[in-house]
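So the structure is just underneath, and the comments pick up after that.
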Amino acid sequence: MRAFRAILNYGPRLMLLRCTLTGFLLALTACGGDPDEPVTYCDVEPIFEQSCVRCHHKDPDFGAPMSLENYADVNIHQAMIKSVVSSGFMPYTMSAIQPPVEPLSSTEKNMIIDWIDSGAPDCE
Ligand code: HEC
C-alpha cells in the first residue's frame, strides 16, 4: 500500500519532468539544434511555405498582392513582412478559404522576426 501511494505521489511529477525534457529537446530541434547558429532562410522557408505561399505564390490568390514563394520575393518585402507578422495581420485568417488559415505560433513569429532582424540571410 505504501508503494502504491508513493507511485501516486511521484507519478505525476515524473511525467511532468519527462514532458519538460521532451519540450526542451523539441525547442532545440526547432531552432536547428544550436542556439548560436544564425537563423537563415532555410529555417524560415517551411513557415512561409505552410502559412503564406498558399495565397502569396507566383500568381497570387485570394487577393494577396505579391508572391512570397522564394528567397528573392521574401527578401524585397522583408520590412513589410516583419510588420504584418508582428501585428498578427498575416497570415490572413479572416478569409473563408478551406481548410482555414491558422495563425502563426509565437515560436514561428519570433523565428521570422529574428531572421529579419539579423539581416534576412539566405541559406548557407
Ligand atoms: C488567406 C490568404 C493569405 C495568407 C495565407 C497570407 N496572406 Fe498576406 N495578404 C493576403 C491579402 C488578401 C493581402 C492584402 C491585404 C490588404 O491589403 O488588406 C495580403 C497582404 C500582405 C502583405 C502586404 C501588406 C501591406 O501592408 O501591403 C504582406 C507583407 C503579407 N501579406 C505577408 C504575408 C505573410 C508573411 C504571410 C504568412 C505568414 C501571409 N501574408 C499569409 C492574403 C494572405
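Last residue of the sequence shown: 137 in our numbering, with the numbers rising by one and none dropped. For every residue, glycine included, the Cβ atom is placed at its ideal position computed from N, Cα and C.
> Just how far apart, CA to CA, sit Asp-135 and Thr-106?
Replying inline: 28 Å
> Anyone know if the C-beta pair for His-69 and Glu-58 falls short of 8 Å?
Replying inline: no
> Taking the C-alpha atoms as reference points, what is the distance between Thr-96 and Asp-72?
Replying inline: The identity of residue 96 in the sequence shown is Ser, whereas the question assumes Thr. Going from the Cα of Ser-96 to the Cα of Asp-72 covers about 23 Å.
> Where in the stretch 67 to 95 do unbroken runs of the alpha helix (DSSP H), each at least 4 residues long, occur, reported from the N-terminal end onward?
Replying inline: 84 to 89
>> Considering Cα atoms alone, identify which of Pro-104, Met-93, Ser-131 and Ala-85 is closest to Pro-113.
In response: Pro-104
> Who are the Cβ neighbours of Asp-86 in its own chain at under 6 Å, not counting the five residues just before and after it?
Replying inline: Ser-80
> Looking at the structure shown, is Ile-110 part of a helix, part of a strand, or coil, going by DSSP?
Replying inline: coil
> Does DSSP put Met-103 in a helix, a strand or coil?
Replying inline: coil
>> Measuring straight from C-alpha to C-alpha, what distance separates Ile-110 and Asp-74?
In response: 11 Å
>> For a test of the three-state rule: what should DSSP assign to Asp-56, helix, strand or coil?
In response: helix
> What's the call for Glu-50, buried or exposed, on a 16-neighbour Cβ count within 10 Å?
Replying inline: exposed
> For Glu-137, which residues of its own chain have a beta-carbon under 6 Å away from its beta-carbon, when the five flanking residues on both sides are left out?
Replying inline: Thr-53
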